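Visitor: Taken in sequence, the protein lines are chains B and F.
Sequential numbering of the first sequence, starting at 2, is according to the numbering used here.
Sequential numbering of the second sequence, starting at 2, is according to the numbering used here.
Note that beta-carbon positions come from the ideal geometry of N, C-alpha and C, so glycine has one too.
Source: prediction; values computed, not measured.
Number of protein chains: 2
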Amino acid sequence: MRSGTNLPRVRDYNQGVVLEAIRVGDGVSRVEIAENTGLTAQTVSNIVRRLLEEELVIEDGVDPSGRKPRVKLRIKPGSRYAIGALIDRDETSLVLMDLDGRIVGRESRTVDQQQGAQGVLDQIAEATKSLVQAAKIDPSRLLGVGLGCPGPMDHDQGILYEPLDLFGWNWHEVALKQDLAGRIGLPVIVDNDATAAAVGERWVGGAQGVRNFAYIFMSIGLGAGIFIENQPYRGDTTNAGELGHMTIDIDGPLCFCGNRGCLETYCSPNRIVNAVRLRLEHGEKSSLTDIPLNRIDLTAVTSAALAGDSLAMEELRYSARMLATGIINMASLLDLKLIVLGGTHMAEAGPIYKEEVEQALNKRLLTRNLQKVCVELSVAGKDAGAVGAAALVMHEIFAPRLAELNVVSQF
Amino acid sequence: MRSGTNLPRVRDYNQGVVLEAIRVGDGVSRVEIAENTGLTAQTVSNIVRRLLEEELVIEDGVDPSGRKPRVKLRIKPGSRYAIGALIDRDETSLVLMDLDGRIVGRESRTVDQQQGAQGVLDQIAEATKSLVQAAKIDPSRLLGVGLGCPGPMDHDQGILYEPLDLFGWNWHEVALKQDLAGRIGLPVIVDNDATAAAVGERWVGGAQGVRNFAYIFMSIGLGAGIFIENQPYRGDTTNAGELGHMTIDIDGPLCFCGNRGCLETYCSPNRIVNAVRLRLEHGEKSSLTDIPLNRIDLTAVTSAALAGDSLAMEELRYSARMLATGIINMASLLDLKLIVLGGTHMAEAGPIYKEEVEQALNKRLLTRNLQKVCVELSVAGKDAGAVGAAALVMHEIFAPRLAELNVVSQF
Numbered sequence: 002m003r004s005g006t007n008l009p010r011v012r013d014y015n016q017g018v019v020l021e022a023i024r025v026g027d028g029v030s031r032v033e034i035a036e037n038t039g040l041t042a043q044t045v046s047n048i049v050r051r052l053l054e055e056e057l058v059i060e061d062g063v064d065p066s067g068r069k070p071r072v073k074l075r076i077k078p079g080s081r082y083a084i085g086a087l088i089d090r091d092e093t094s095l096v097l098m099d100l101d102g103r104i105v106g107r108e109s110r111t112v113d114q115q116q117g118a119q120g121v122l123d124q125i126a127e128a129t130k131s132l133v134q135a136a137k138i139d140p141s142r143l144l145g146v147g148l149g150c151p152g153p154m155d156h157d158q159g160i161l162y163e164p165l166d167l168f169g170w171n172w173h174e175v176a177l178k179q180d181l182a183g184r185i186g187l188p189v190i191v192d193n194d195a196t197a198a199a200v201g202e203r204w205v206g207g208a209q210g211v212r213n214f215a216y217i218f219m220s221i222g223l224g225a226g227i228f229i230e231n232q233p234y235r236g237d238t239t240n241a242g243e244l245g246h247m248t249i250d251i252d253g254p255l256c257f258c259g260n261r262g263c264l265e266t267y268c269s270p271n272r273i274v275n276a277v278r279l280r281l282e283h284g285e286k287s288s289l290t291d292i293p294l295n296r297i298d299l300t301a302v303t304s305a306a307l308a309g310d311s312l313a314m315e316e317l318r319y320s321a322r323m324l325a326t327g328i329i330n331m332a333s334l335l336d337l338k339l340i341v342l343g344g345t346h347m348a349e350a351g352p353i354y355k356e357e358v359e360q361a362l363n364k365r366l367l368t369r370n371l372q373k374v375c376v377e378l379s380v381a382g383k384d385a386g387a388v389g390a391a392a393l394v395m396h397e398i399f400a401p402r403l404a405e406l407n408v409v410s411q412f
Numbered sequence: 002m003r004s005g006t007n008l009p010r011v012r013d014y015n016q017g018v019v020l021e022a023i024r025v026g027d028g029v030s031r032v033e034i035a036e037n038t039g040l041t042a043q044t045v046s047n048i049v050r051r052l053l054e055e056e057l058v059i060e061d062g063v064d065p066s067g068r069k070p071r072v073k074l075r076i077k078p079g080s081r082y083a084i085g086a087l088i089d090r091d092e093t094s095l096v097l098m099d100l101d102g103r104i105v106g107r108e109s110r111t112v113d114q115q116q117g118a119q120g121v122l123d124q125i126a127e128a129t130k131s132l133v134q135a136a137k138i139d140p141s142r143l144l145g146v147g148l149g150c151p152g153p154m155d156h157d158q159g160i161l162y163e164p165l166d167l168f169g170w171n172w173h174e175v176a177l178k179q180d181l182a183g184r185i186g187l188p189v190i191v192d193n194d195a196t197a198a199a200v201g202e203r204w205v206g207g208a209q210g211v212r213n214f215a216y217i218f219m220s221i222g223l224g225a226g227i228f229i230e231n232q233p234y235r236g237d238t239t240n241a242g243e244l245g246h247m248t249i250d251i252d253g254p255l256c257f258c259g260n261r262g263c264l265e266t267y268c269s270p271n272r273i274v275n276a277v278r279l280r281l282e283h284g285e286k287s288s289l290t291d292i293p294l295n296r297i298d299l300t301a302v303t304s305a306a307l308a309g310d311s312l313a314m315e316e317l318r319y320s321a322r323m324l325a326t327g328i329i330n331m332a333s334l335l336d337l338k339l340i341v342l343g344g345t346h347m348a349e350a351g352p353i354y355k356e357e358v359e360q361a362l363n364k365r366l367l368t369r370n371l372q373k374v375c376v377e378l379s380v381a382g383k384d385a386g387a388v389g390a391a392a393l394v395m396h397e398i399f400a401p402r403l404a405e406l407n408v409v410s411q412f
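(1) Helix, strand or coil: how does DSSP classify V105/F here?
(2) List, in order along the chain, the chain B residues whose C-beta lies closer than 9 Å to that of P151/F?
(3) Rounding to the nearest angstrom, what Cα-Cα distance links V18/F and R71/B in this structure?
(4) What's the call for R3/B, buried or exposed, on a 16-neighbour Cβ count within 10 Å?
(5) List the residues of chain B whose Cβ lies closer than 8 Å to the Cβ of M331/F, in chain order.
(6) Who are the neighbours of Q372/F on chain B, taking C-beta pairs under 8 Å?
(7) Quick test of your reading: Q372/B and T238/F, contact by CB under 8 Å. State the CB separation rounded to the nearest angstrom.
(8) Where does K286/B land, buried or exposed, given buried means 16+ other C-beta within 10 angstroms?
(9) So, for V409/F: in the same chain, excluding its five sequence neighbours on each side, which residues have a beta-carbon less than 8 Å away from its beta-carbon?
(10) Compute the distance between the beta-carbons of L187/B and L148/B, then report whether it is under 8 Å.
(11) Out of C268/B, V25/B, N363/B, state which residue places its alpha-carbon closest to the alpha-carbon of F218/B.
(12) Mapping the DSSP letters down to three states, classify F399/B as helix, strand or coil.
(13) Going along the region 352-381 of chain B in order, which residues come within less than 7 Å of chain F, judged by CB to CB distance?
(14) Kindly indicate which three-state DSSP category D384/F falls into: helix, strand or coil?
(15) Report yes if the C-beta distance between L334/B and A225/F is below 8 Å; otherwise report no.
(16) To the nearest angstrom, report how far apart E414/F and L317/F are at their CA atoms.
(17) Between which residues of its own chain and K73/F is the CB-CB distance below 8 Å, once the five residues before and five after are set aside?
(18) Quick check on DSSP: helix, strand or coil for R81/B?
(19) Whole angstroms are fine: how far does the CA of N47/F sit from the CA of K130/F?
(20) So the candidates are L52/F, I84/F, S94/F; which of them puts its Cα closest to the Cα of I76/F?
(21) Using 8 Å as the threshold, is the region 108-117 of chain B in touch with the region 87-97 of chain B, meaning 3 or more CB pairs across them?
(22) For the beta strand (DSSP E) holding G343/F, just list the boundary residues, first then last.
(23) Going by DSSP in three states, G5/B sits in which element: helix, strand or coil?
(24) Can you list the residues of chain F that L337/B reaches, using a CB-CB cut of under 8 Å?
(25) Buried or exposed for F1/B, going by 16 or more other Cβ atoms inside 10 Å?
(26) Rounded to the nearest angstrom, what separates G5/B and G117/B at their Cα positions?
(27) Please check the pair A199/B and F228/B, which I expect to be a contact at CB under 8 Å, by giving their CB distance rounded to whole angstroms.
(28) Between M395/F and the rest of its own chain, which residues show a CB-CB distance below 7 Å, the 5 nearest in sequence each way excluded?
(29) So, helix, strand or coil for M247/F, using DSSP?
(30) Does the beta-carbon of S379/B have 16 or more other beta-carbons within 10 angstroms, so that it is buried, or is it exposed?
(31) Work out the CA separation of V191/B and G159/B for me, nearest whole Å.
(32) At the 8 Å Cβ level, is V409/B part of the contact set with chain F, yes or no?
(33) By Cβ distance, which residues of its chain are closer than 8 Å to P254/B, with the 5 residues on each side in sequence left out?
(34) Mapping DSSP to helix, strand and coil, what is A321/B?
(35) Would L122/F be called buried (16 or more neighbouring beta carbons within 10 Å of its own) or exposed?
(36) Would V421/B and I23/B qualify as a contact pair, given that the criterion is a beta-carbon distance under 8 Å?
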């Protein structure tokens, strides 16, 4: 395994472009790559030779349809791997993913706040080793570990400040990147869970070709991962996308963040479960009455709703309508083409949210007559957070990024 | 005068970078430009020769401080001009601006909805001619006309849809760009008033070196111009920045836009004036009681507030606090470094808003402990809208833009 905390970047912007064309195209010829990218045939040919040498891609079959038969290029299965870990309040979940977005291993471990940050990092380090062993992959092909967690944080330094949605954990300025890299001897990249999920969505085949989109990530907390002009947008302190703490009610209750009437207060899984419990305590009818109150969780509520329970469905729809208001606010500001709904909660209750969000956008968005905003459920399902974290590693190393063009402007 | 509706782009990205360095630096040497931009001395030297030939810059004095005296470069005064016109509900205002951001002429004309779109365009065409004549500039040095107005619109095509803040005008799909270009025989560029103001702010010396900022433009309507990674961000249908129609109260009144509890409802100049009139009708004490109700306008309210009238001040502060809520929502999403307050209303009441917005950001923004968001009043003052519209022309022709690097990515 390689050491150091920083991921090595691919040097060449065009190499990133070609690798992406192969990854997205899945069976494209050199000629098609040149057509799709605007690069010259010679440049494509040179880059492909390098990619073959580095065993990142393979020649896989021949497409006989053209005038000349064309050799098809694909990402080499198992050529490179990354591990992604999502830190949430009750659980860390990890995936081992290859360059092509295939998941070859999964682990999840319950956590509690007693463990503290270092305990959780121990757990992730252990799970990393166990994943590599179980999958029997060549450890030298593991590029690094991506960590997704709620902010605020310093993405560049990999330092987590007091994360709001891990409230009660008393984590304070944890050097996640350095501390985990020290344990596993591999580069580590840390990002906001929602931003990670957005990067992951692109990597495993969702939101393709959409320049501007938002990934609404809903698990314990709520956040948005934003892509602008085909790049993840992180903002000035790398803390963009705090959708959960958008005021949607000026007279609403004070939130623990210091703001008032925050969106999260109205639509979070916590609120849904509490509202259902309260109504059951008051004797309202529901298929959930048979379950002890303290065992009613979000999964139970969602299952009940999807099975026709109207009390459960009402609370989920309320949450969805509130979220829709936040999404409209976001879409009005950013004029987005696509909203992706993902995260553990969305993996279960997504269809309900999709319907409400679509309806609201069609009815209330200012530009509704100019363009329909698409709403899609994340293609990564329950793995969205961990897949996103793994994709951070791949994106960091392989995605073409303008920064490396060394474009300068002081305007 | 040149004909055609599209502005000719400067071909070379680096030429844009060098011109910008000269414009912003105002008296920089070739060596300094090379240092500031990362371009080689040879490249800078070649580009400067071209800029001198095209009479865009001049050699102006010598800086004797270095080991060798260095010739200072400046934008040539009067080298190129643009006209900017802001269309607002009651008035169109125009400026004639040179490449360096100096205003060499101003005109404003009252409009009423009886004129219709074509009548307003006639007016703008007339004012354009009158400005050029009055300033006695060489017409061949006038590059084009920028138009700023409330959206929604198609910026690329220069088509205005039914503008919300010109409500009652019954404008519908007006081909502003084509129709005005036909009248004046000059290229025309059309943009959202707030986006134009943000571009203008950069052009005349505000928000320098700030990668991510928002320009809150408040005149009759309310909108935000957004800069992301040093470029104006327009969104998917070129209608980003509709801050005025962000829901800040889920149970608030239905807005004419179809949404509910829109920010504009709570902070617009209209609301301020109506609230003051209502309170006066109810016999509340104020220095404004001597003025006939129908002559109380925003200027009167603002003057009274600044002169110590507490009723007027209360209503302005209420508006400012509501706006602050919208700005916090925006800053949470976009993690901005700077908020600029501008537009006709802000040119008068700006200091009151600045205070409230600063306070709110310091108290309630999620990342308040990581970075202080700066709040500044627009450097363009009352001219902000028209200056922004003129700057659109300059920006379109001269600003370095990544698009022309022909960077391709289908990721």
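Guide: Answer, in terms of the structure:
(1) For the purposes of this step, residue 105/F is taken as the residue at position 104 of the second sequence. In this structure, V105/F counts as strand in the three-state DSSP scheme.
(2) As a first step, residue 151/F is located in the second sequence; it is residue number 150 there, counting from the start. By Cβ distance, chain B contributes nothing, its closest Cβ being about 11 Å from P151/F, past 9 Å.
(3) Mapped onto the second sequence, residue 18/F falls at position 17. Mapped onto the first sequence, residue 71/B falls at position 70. Here the alpha carbons of R71/B and V18/F stand approximately 42 Å from one another.
(4) Taking the first residue of the first sequence as 1, we reach residue 3/B at position 2. With a pLDDT of only 38 at R3/B, under 50, the local geometry of the prediction cannot be trusted, and no value is derived from it.
(5) Residue numbering aside, residue 331/F sits at position 330 when the second sequence is read from its first letter. Under the 8 Å cutoff, chain B gives L334.
(6) Here residue 372/F refers to the residue found at position 371 of the second sequence. The CB of Q372/F comes closer than 8 Å to the CB of D237, T238 in chain B, given here in chain order.
(7) Counting from one through the first sequence, the residue named residue 372/B turns up at place 371. Counting from one through the second sequence, the residue named residue 238/F turns up at place 237. Rounded to the nearest angstrom, the Cβ distance from Q372/B to T238/F is 5 Å, consistent with a contact under 8 Å.
(8) Within the first sequence, residue 286/B is the residue found at index 285, counting from 1. So K286/B ends up on the exposed side.
(9) Mapped onto the second sequence, residue 409/F falls at position 408. Its pLDDT being 43, under 50, V409/F is placed unreliably in this model, and the value from its coordinates should be taken loosely. For V409/F, where only same-chain residues beyond five positions count, there are no Cβ hits under 8 Å.
(10) Start at 1 with the first residue of the first sequence, and residue 187/B comes out as number 186. Start at 1 with the first residue of the first sequence, and residue 148/B comes out as number 147. Contact flag unset, no.
(11) In the first sequence, the residue the question calls residue 218/B occupies position 217. Each of C268/B, V25/B, N363/B was checked against the Cα of F218/B, and the nearest Cα belongs to C268/B.
(12) Indexing the first sequence from 1 puts residue 399/B at position 398. It is helical.
(13) From the region 352-381 of chain B, only K364, R365, L367, T368, L371, Q372 have a Cβ closer than 7 Å to chain F.
(14) In the second sequence, the residue the question calls residue 384/F occupies position 383. D384/F: helix per DSSP, three-state reduction.
(15) On the first sequence, position 333 is the one that residue 334/B refers to. On the second sequence, position 224 is the one that residue 225/F refers to. Yes, these two residues count as a Cβ contact at 8 Å.
(16) This structure cannot settle anything about residue 414/F, because the visible part of chain F is limited to 2 through 412.
(17) On the second sequence, residue 73/F is found 72 positions in, with the first residue counted as 1. Close CB contacts of K73/F within its chain, under the 8 Å cut and outside five residues either way in sequence, are with G28, V29, S30, E60, D61, G62, V63, D64 (chain order).
(18) On the first sequence, residue 81/B is found 80 positions in, with the first residue counted as 1. In the structure shown, R81/B sits in coil (DSSP, three-state: anything other than H, G, I, E or B).
(19) Residue 130/F sits at position 129 when you count from the first residue of the second sequence. Residue 47/F sits at position 46 when you count from the first residue of the second sequence. Their backbone Cα atoms lie some 37 Å apart in a straight line.
(20) Here residue 76/F is taken as the residue at index 75 of the second sequence, counted from 1. For I76/F, the nearest C-alpha among the options comes from L52/F.
(21) Contact between the region 108-117 of chain B and the region 87-97 of chain B is present, with at least three C-beta pairs closer than 8 Å.
(22) Translated into positions along the second sequence, residue 343/F becomes position 342. Here the beta strand (DSSP E) through G343/F covers 339-343.
(23) Looking up residue 5/B in the first sequence gives position 4. Interpretation of G5/B is limited by its pLDDT of 49, a score under 50 that renders its predicted location unreliable; no figure is taken from the coordinates.
(24) In the first sequence, the residue the question calls residue 337/B occupies position 336. Below the 8 Å Cβ cutoff, chain F contributes G236, D237 as neighbours of L337/B, in chain order.
(25) Any answer about residue 1/B is impossible in this case: the structure gives chain B only from 2 up to 412.
(26) Walking along the first sequence from the start, residue 5/B turns up at place 4. Walking along the first sequence from the start, residue 117/B turns up at place 116. Note that G5/B scores 49 on pLDDT, short of 50, meaning its location in the model is unreliable; the coordinates nonetheless yield the value given after this. Rounded to the nearest angstrom, the two C-alpha atoms are 24 Å apart.
(27) Residue 199/B sits at position 198 when you count from the first residue of the first sequence. Residue 228/B sits at position 227 when you count from the first residue of the first sequence. Their Cβ separation, rounded to whole angstroms, is 6 Å, which keeps A199/B and F228/B in contact under 8 Å.
(28) Taking the first residue of the second sequence as 1, we reach residue 395/F at position 394. Short of 7 Å from the beta carbon of M395/F, and not among the five residues preceding or following it, lie these beta carbons of its own chain, in chain order: A83, L100, W204.
(29) As a working note, residue 247/F is residue 246 in the second sequence. Reduced to three states, the DSSP call for M247/F is coil.
(30) Walking along the first sequence from the start, residue 379/B turns up at place 378. That one is buried.
(31) Counting from 1 along the first sequence, the entry for residue 159/B is found at position 158. Counting from 1 along the first sequence, the entry for residue 191/B is found at position 190. As the crow flies, the alpha-carbon of G159/B is around 5 Å from that of V191/B.
(32) Start at 1 with the first residue of the first sequence, and residue 409/B comes out as number 408. Here the model assigns V409/B a pLDDT of 43, short of 50, so the residue's position is not dependable and the matter cannot be decided.
(33) Indexing the first sequence from 1 puts residue 254/B at position 253. Cβ within range, chain order: R261, G262, T266.
(34) Here residue 321/B corresponds to residue number 320 of the first sequence, with the count starting at 1. Note: A321/B maps to helix in three-state DSSP.
(35) On the second sequence, position 121 is the one that residue 122/F refers to. That one is buried.
(36) Missing from the structure shown is residue 421/B; chain B here goes from 2 to 412 and no further.
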